[in-house]
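Asks: When the count follows this note's numbering, it moves up by one through the sequence shown with no breaks and lands on 149 for the last residue.
First, the structure itself, so that you have it in front of you.
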Amino acid sequence: MPSWLLILIVGIVLLVFGIAVEAAQFLIWLGIIVLVVSLILGLVGGRGRKV
Numbered sequence: 099m100p101s102w103l104l105i106l107i108v109g110i111v112l113l114v115f116g117i118a119v120e121a122a123q124f125l126i127w128l129g130i131i132v133l134v135v136s137l138i139l140g141l142v143g144g145r146g147r148k149v
């Protein structure tokens with residue numbers, strides 16, 4: 099399993115958990131940041147393999 103996919107899954111879990119637990123609002127932001135980083139890594143990694 100690619101590392102960016104693992105990061106994406108963790109980001110989604112953190113995002114869902116952050117929404118479910120309203121007291122832990124920082125988890126929402128952490129999930130969003132992890133999702134963005136994983137998408138960037140996926141795009142950069144995908145371009146590198148095609149060339």
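Note that beta-carbon positions come from the ideal geometry of N, C-alpha and C, so glycine has one too.
Excluding sequence positions up to five away, which residues of its chain have a Cβ less than 6 Å from the Cβ of Gly129?
Replies: In the sequence shown, residue 129 corresponds to position 31, counting from 1. Within the same chain, Gly129 has close Cβ partners Gly109, Leu112, Leu113, Gly116.
Asks: Assuming Leu106 and Leu141 are in contact, meaning their beta carbons sit under 8 Å apart, how far apart are those beta carbons, in whole angstroms?
Replies: Here the question's residue 106 lines up with position 8 in the sequence shown. Here the question's residue 141 lines up with position 43 in the sequence shown. Not a contact, Cβ separation roughly 12 Å.
Asks: Compute the Euclidean distance between the alpha carbons of Gly143 and Gln123, then round it to the nearest angstrom.
Replies: One-based indexing of the sequence shown puts residue 143 at position 45. One-based indexing of the sequence shown puts residue 123 at position 25. Looking at the two C-alpha atoms, the distance is approximately 31 Å.
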